[in-house]
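Presented below is the structure to which this report refers.
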Amino acid sequence: MSSQNHGTVTPSSQVEISLTEESASIKKSFFSSLSEDIWAVWIGGLLIAAILAFALFNQGYKFTTVSYQWSNAEELLNNVLSVKNLLLIILIAIVFGVLSSIAILLSSGNVKKFIPGFLSIFLFGITSLIIAGNKSINYYGIEYVVFALVIGLLLNNLTSLPSWLKEAARSEFFIKTGLVILGTSVLFTDIIKAGLPGILQSIIVVAVVWFIALWIARKLKVDDEFGVILASAVSICGVSAAIVASGAIKGDKKKLSYITTLVLLVAIPMLIIQPWLIKKLGIPEIVGGAWLGGTLDTTASVTAAAQLVGPVALKAGVIIKFSQNVLIGVAAFFIASWWALRKTAQKDEKAQKPGLGVVWERFPKFVLGFIAVSLIFSFLVPAETTRQVGGLLNSLRTIWFALAFVSIGLEAKFSDLIKIQGGRPALAFIIAQVFNIIWTLIFAYLLFGGYLFPVPDIK
């Protein structure tokens with residue numbers, strides 16, 4: 002009787018299969034272990050590198066960017082909805098969709114659900130940009146973030162969201178990718194133009210407002226996790242800082258969504274009232290710009306509001322905002338270190354202080370991408386090349402942010418603003434923001450009004 006080996010596996014074959022499966026498992030676990038931060042750096046870095054390489058080999062080439070500006074139906078059809086503009090939008094959707102889908106797939110996400118959800122969010126984001134591109138709306142400084150948030154909030158609060166749309170609502174992933182690209186426009190050389198007054202305003206205002214905001218939150222019995230995210234949003238740069246702080250302390254995503262919704266809702270009246278007050282009260286233009294740069298939470302909102310005041314206000318506001326953006330990295334390290342020390346002390350009063358490993362584990366890695374890109378564009382990329390690629394990179398960053406703000410709306414509920422901790426975080430945020438507005442105006446006058454230093458020449 003002869004033995005047959007058909008369908009059996011020899012020991013050597015078993016070893017080969019085992020090694021192959023182990024190798025595949027290692028690869029899968031490696032990619033799935035990569036954090037949202039790392040994927041944001043890779044995608045943002047890849048887009049920047051591709052555009053920069055093309056520009057360096059094609060010096061003088063003028064990149065085409067998406068146009069959203071229109072004032073009447075004719076301009077809407079012939080400019081924004083032209084075949085050329087729509088093809089460019091579709092191309093960006095494909096590139097963003099492919100890169101995001103790869104990240105989702107390798108992170109063990111559901112790509113089949115993500116793709117239709119992403120395309121829907123992309124459409125909503127572009128719609129918000131087109132609405133904000135209207136000349137009349139643009140004049141009043143109402144930017145796309147408001148419309149993106151409103152679209153998301155209405156969908157989330159008035160309908161039952163399908164699972165495929167929820168799968169794609171990844172606000173942190175989108176905004177982190179946009180923040181890496183933002184590094185290309187945050188140049189240290191620009192910050193130097195504001196001199197010592199600009200640097201002092203950024204550091205003093207941010208530090209004082211952060212601690213006061215946390216103190217207010219504690220007084221209102223808001224937990225420290227909420228308080229840290231809230232304080233960072235109020236003091237530094239709104240949604241971006243909130244995401245950095247949440248990453249540093251590994252905060253609850255519901256709390257982050259709550260704060261980012263508050264940031265955008267409170268920003269709407271500030272955008273309208275502050276420029277009006279500057280003109281009504283006769284506040285010097287450079288002081289008004291520094292005030293706007295220190296209180297409004299995004300570069301886009303600062304730009305929109307400062308344009309209503311004047312060109313000097315615009316330059317001052319943008320420089321102050323850039324100075325605060327640079328503090329994202331410093332804030333991330335400080336918050337991660339402070340939170341790690343605090344948690345260790347709570348667990349065991351005799352425990353040793355956590356080492357750099359704990360701080361590194363909590364540090365939001367995408368911030369390193371932001372800083373690296375900023376340093377490269379500040380000191381290594383020629384100024385001419387920076388100007389050449391600046392428009393396109395800013396356009397791509399804006400689209401990532403639009404996706405993020407739609408997603409924030411899709412993740413937030415109006416009822417949560419009252420239900421979560423009895424509405425105390427919302428009250429703490431508003432009180433802290435009022436303090437921020439008053440405190441920043443005082444320092445803007447002292448530092449830019451000629452009281453402590455000569456008025457900076459940034460014309």
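Quick note on numbering: this note's numbering labels position 10 of the sequence shown as 11, and the sequence is numbered without any gaps.
All C-beta atoms, glycine included, are put in the ideal place defined by N, C-alpha and C.
With respect to 6 Å, is the separation between the Cβ of N139 and the closest non-hydrogen atom of the ligand GTP below this value? The ligand GTP is not among the ligands present in this structure, which contains no ligands whatsoever.
Local Cβ density within 10 Å of S75, reported as buried at 16 or more and exposed below that: Position 74 of the sequence shown holds residue 75. Inspection of the sequence shows that residue 75 is occupied by Glu rather than by Ser. When all chains shown are included, E75 counts as exposed.
Kindly indicate which three-state DSSP category N135 falls into: helix, strand or coil? What you label residue 135 is simply residue 134 of the sequence shown in a count that begins at 1. Looking at N135 - three-state DSSP - the assignment turns out to be strand.
How many Å lie between R388 and G98 at the Cα? In the sequence shown, counting from the first residue as 1, residue 388 sits at position 387. In the sequence shown, counting from the first residue as 1, residue 98 sits at position 97. For R388 and G98, the gap between their C-alpha atoms comes out near 27 Å.
Since A169 contacts G118 with CB under 8 Å, what's their CB separation in whole angstroms? By one-based count along the sequence shown, residue 169 stands at place 168. By one-based count along the sequence shown, residue 118 stands at place 117. Right, the Cβ-Cβ distance comes to about 3 Å (below 8 Å), so this counts as a contact.
Distance, Cα to Cα, Y145 vs L393? Within the sequence shown, numbered from 1, the residue matching residue 145 stands at position 144. Within the sequence shown, numbered from 1, the residue matching residue 393 stands at position 392. In this structure, the straight-line span from the alpha carbon of Y145 to that of L393 is close to 18 Å.
Throw me the rounded Cβ distance for the S324 and S203 pair, which I believe falls under 8 Å. Reading the sequence shown from its first residue, position 323 is the one you call residue 324. Reading the sequence shown from its first residue, position 202 is the one you call residue 203. Contact between S324 and S203 holds: their C-beta atoms lie close to 4 Å from each other, under 8 Å.
Apply the 10 Å Cβ neighbour rule to S302 and answer buried if 16 or more other Cβ atoms are within range, or exposed otherwise. Here the question's residue 302 lines up with position 301 in the sequence shown. Classification of S302: buried, given that the 10 Å Cβ count is 16 or more.
Limits of the alpha helix (DSSP H) - the one that T387 falls within: As a first step, residue 387 must be located in the sequence shown, where it is residue number 386. For T387, the enclosing alpha helix (DSSP H) begins and ends at 384-412.
Is S109 buried or exposed, if buried means 16 or more other CB atoms sit within 10 Å of its CB? In the sequence shown, residue 109 corresponds to position 108, counting from 1. Within 10 angstroms of the beta-carbon of S109 lie fewer than 16 other beta-carbons, which makes it exposed.
Give me the Cα-Cα distance between G450 and I400, rounded to the nearest whole angstrom. Within the sequence shown, numbered from 1, the residue matching residue 450 stands at position 449. Within the sequence shown, numbered from 1, the residue matching residue 400 stands at position 399. Rounded to the nearest whole angstrom, the CA to CA distance from G450 to I400 is 37 Å.
Could you tell me which of F454, T128, L397 sits nearest to I176, measuring between CA atoms? To locate residue 176, count along the sequence shown from 1; it is residue 175. Taking only the C-alpha atoms, the option nearest I176 is L397.
G410: which of F125, M271, L442, W216 sits nearest, CA to CA? Reading the sequence shown from its first residue, position 409 is the one you call residue 410. Checking every option, the nearest Cα to that of G410 belongs to F125.
Does the count of Cβ pairs from the region 275-294 and the region 154-164 closer than 8 Å reach three? Result no; under three Cβ-Cβ pairs closer than 8 Å.
Could you tell me whether the Cβ atoms of A403 and S102 are closer together than 7 Å? Within the sequence shown, numbered from 1, the residue matching residue 403 stands at position 402. Within the sequence shown, numbered from 1, the residue matching residue 102 stands at position 101. With a cutoff of 7 Å on beta-carbon distance, A403 and S102 are scored as not near each other.
Excluding the five sequence neighbours on either side, which residues of its own chain have a C-beta within less than 6 Å of the C-beta of F406, listed in chain order? To locate residue 406, count along the sequence shown from 1; it is residue 405. Answer for F406: V146, A149, L150, listed in chain order.
Residues in its own chain within less than 8 Å of V390 by CB, not counting five upstream and five downstream? By 1-based counting over the sequence shown, the position of residue 390 is 389. Once the five neighbours on either side are set aside, the close Cβ partners of V390 are I52, L53, A56, F64, T185.
Kindly list the residues whose CB is nearer than 8 Å to the CB of W71, restricted to its own chain and excluding five residues on each side of it in sequence; keep chain order. Taking the first residue of the sequence shown as 1, we reach residue 71 at position 70. The beta carbon of W71 sits closer than 8 Å to those of L77, N80, V81, I131, G134, N135, K136, all from its chain and outside the five residues before and after it, given in chain order.
According to DSSP, residues forming a beta bridge with W71: What you label residue 71 is simply residue 70 of the sequence shown in a count that begins at 1. The partner list for W71 (beta bridge, DSSP) reads N135.
Hey, I39 and I182 are a contact pair by Cβ (cut 8 Å); roughly how many whole angstroms apart? By 1-based counting over the sequence shown, the position of residue 39 is 38. By 1-based counting over the sequence shown, the position of residue 182 is 181. Rounded, the Cβ-Cβ distance is 16 Å, inconsistent with contact.
For T304, the three-state DSSP class (helix, strand or coil): As a first step, residue 304 must be located in the sequence shown, where it is residue number 303. It is helical.
L297 to I122 span [Cα, whole Å]: As a position in the sequence shown, residue 297 is number 296, starting the count at 1. As a position in the sequence shown, residue 122 is number 121, starting the count at 1. The alpha-carbon atoms of L297 and I122 are separated by roughly 26 Å.
Count the other CB atoms, across all protein chains shown, that sit within 10 Å of the CB of T262; report buried if there are 16 or more and exposed otherwise. Translated into the one-based positions of the sequence shown, residue 262 becomes position 261. Buried is the call here.
Would you say V368 and I329 are within 7 Å of each other, going by their C-beta atoms? The count along the sequence shown starts at 1 and reaches residue 368 at position 367. The count along the sequence shown starts at 1 and reaches residue 329 at position 328. Yes, these two residues count as a Cβ contact at 7 Å.
Taking E412 as the reference, which of S68, I143, G45, N158 has the closest Cα? By one-based count along the sequence shown, residue 412 stands at place 411. Per the C-alpha coordinates, the member of S68, I143, G45, N158 positioned closest to E412 is N158.
Within a Cβ cutoff of 7 Å, which residues of the same chain sit near T480, ignoring the five residues on either side of it in sequence? In the structure as shown, the chain begins at 2 and stops at 460. Residue 480 is therefore absent and cannot be evaluated.
Using a 10 Å radius around the Cβ and a threshold of 16 neighbouring Cβ atoms, would you call E1 buried or exposed? In the structure as shown, the chain starts at 2 and stops at 460, and residue 1 therefore has no counterpart that could be examined.
Please identify the residue among E173, A373, N86, A445 whose C-alpha is closest to the C-alpha of K322. Along the sequence shown, read from residue 1 onward, the residue named residue 322 stands at position 321. Taking only the C-alpha atoms, the option nearest K322 is A445.
Return the Cβ separation of A218 and F212 in integer angstroms, given the expectation that the two are a contact with Cβ distance under 8 Å. Within the sequence shown, residue 218 is the residue found at index 217, counting from 1. Within the sequence shown, residue 212 is the residue found at index 211, counting from 1. Going by Cβ atoms, the distance from A218 to F212 rounds to 11 Å, so no, they are not a contact pair.
May I ask which residues mark the beginning and end of the alpha helix (DSSP H) holding N157? Indexing the sequence shown from 1 puts residue 157 at position 156. Per DSSP, N157 belongs to the alpha helix (DSSP H) from 145-159.
Quick one, which of L107, L106, L88, I287 has its alpha-carbon nearest P312's? On the sequence shown, position 311 is the one that residue 312 refers to. When each option's Cα is compared against that of P312, the closest is I287.
E236 and V207 look like a contact to me (Cβ under 8 Å); what is the Cβ gap, rounded to whole Å? Here residue 236 is taken as the residue at index 235 of the sequence shown, counted from 1. Here residue 207 is taken as the residue at index 206 of the sequence shown, counted from 1. A quick correction: the sequence has Ser, not Glu, at residue 236. Their Cβ separation, rounded to whole angstroms, is 5 Å, which keeps S236 and V207 in contact under 8 Å.
By DSSP, does V207 sit in helix, in strand, or in coil? For this step, residue 207 is matched to residue 206 along the sequence shown. In this structure, V207 counts as helix in the three-state DSSP scheme.
Cut-off 7 Å between Cβ atoms - residues of its own chain near P198, not counting five sequence neighbours on either side: Residue 198 sits at position 197 when you count from the first residue of the sequence shown. Excluding sequence neighbours, P198 sits near L448, F449, F454, P457.
Have a look at I93 and L266 and give me their C-alpha separation to the nearest angstrom. By one-based count along the sequence shown, residue 93 stands at place 92. By one-based count along the sequence shown, residue 266 stands at place 265. Put simply, the backbone Cα of I93 is about 29 Å away from that of L266.
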